[in-house]
Each structure stands twice: as C-alpha cells, then as structure tokens.
Amino acid sequence: MATETEISRAKANAAHHAAAVPHATSAHFISSRRSLNVTLSNGVEMIIPVDLVQGLSGADEAALERIEITPRGTGLHWPLLDADVLVEGIIHGAFGSRAWMARQMGRAGGSASTDAKSAASRRNGAKGGRPKKELAD
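Position 115 (the sequence shown) corresponds to 115 in UniProt numbering; numbering is contiguous.
Structure below.
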C-alpha cells in the first residue's frame, strides 16, 4: 500500500506533467481536407491527414466527425470506430502503435523508387535475376 508521502509525490508529478506537456482542448474533423484539427493547451494547432493515423485510415466521414477528448485531454477517441490516439504521440509524430508505424515505414521504404534501386535491379537482371535462397542443412 502506498504511503501518504508517495501519494503526495505522485500527485505532484502528475500536476507537473499536466502543466509541462500540452493537452488537447479541442479536436474536429475537416472533411474538405480529410484531416484532423487538434488545438493544444499551449495554443498550437495541428492538422493531421486522418489516413496517416492507425484506426482512422479509410473510415467514413460520419465516424470521423464524432471525436471525444479524454477528460484530461491526453487522448482522442472515436467511439464509432473504437479507435484511440494519444495526443503526446501525435505531437511526436507517432500516429499508431510501434508495430503499425514500423509497417508504414517499411511500406514507404519498399515502394520508394530511386536511381540506385533501378541500377541494382538492372545489374541483378543482367546476372540472371535475384539469387536463389540457399537452404540450410
């Protein structure tokens, strides 16, 4: 069981965090831009394309318009989609879980078309294509 000192320290830490880290004061969906507009407690407004956010990509406008802000402003919730996003994550550019973000980065990197990738593909083609995988004993 926590002591009174520990409880007081935890409350002080929570108050410090709430004052230091911006939280959402308003959020709404901009249908013409298919974007989310979030206003933070420090006055900053962020506009994020919803198709970059896990759980919101491809959702219909009616579901995207229904946004709830958590009581402390630390999260956003879409009840019709059962989707949640942390405001602090959005501030840092994390629009989903680590696994989801890694898949998005891999998808973007794999689809990138560069001169170096094209040249490597031509060299491999001249050698007979991609080398066959060798099976281990």
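Glycine residues also receive a C-beta, built at the ideal position from the N, C-alpha and C atoms.
None of these values were measured; they are calculated from a predicted model.
- Beyond the five residues adjoining it in sequence on each side, glutamate 68 comes within less than 8 Å, by CB distance, of Leu76, His77, Trp78 and Pro79 in the same chain, given in chain order.
- Here phenylalanine 29 is not near leucine 40, since their CB atoms are 8 Å or more apart.
- In this structure the stretch 94-109 touches the stretch 54-62; the number of beta carbon pairs closer than 8 Å is three or more.
- For asparagine 37, the three-state secondary structure derived from DSSP is strand.
- If you draw a straight line from the Cα of serine 113 to the Cα of arginine 130, it comes to about 18 Å.
- Exclusion of the five residues before and after alanine 62 leaves Leu80 as the residues of its chain whose Cβ lies within less than 8 Å of its Cβ.
- The continuous alpha helix (DSSP H) containing alanine 20 extends over residues 4-20.
- Aspartate 60 sits away from arginine 34, with the two beta carbons spaced by 8 Å or more.
- Close CB contacts of arginine 66 within its chain, under the 8 Å cut and outside five residues either way in sequence, are with Trp78, Pro79 and Leu80 (chain order).
- One alpha carbon belongs to alanine 2, the other to isoleucine 90, and they sit about 33 Å apart.
- Between aspartate 82 and the set Leu64, Thr74 and Gly73, the nearest pair of CA atoms involves Leu64.
- DSSP places glutamate 45 inside the beta strand (DSSP E), whose first and last residues are 45-49.
- Here proline 22 has Leu40, Ser41, Asn42, Val44, Val87 and Ile91 as same chain residues with Cβ atoms under 8 Å from its own Cβ, once five neighbours each way along the sequence are excluded.
- About 59 Å separates the beta carbon of alanine 126 from that of glycine 73, a gap too long to meet the 8 Å contact definition.
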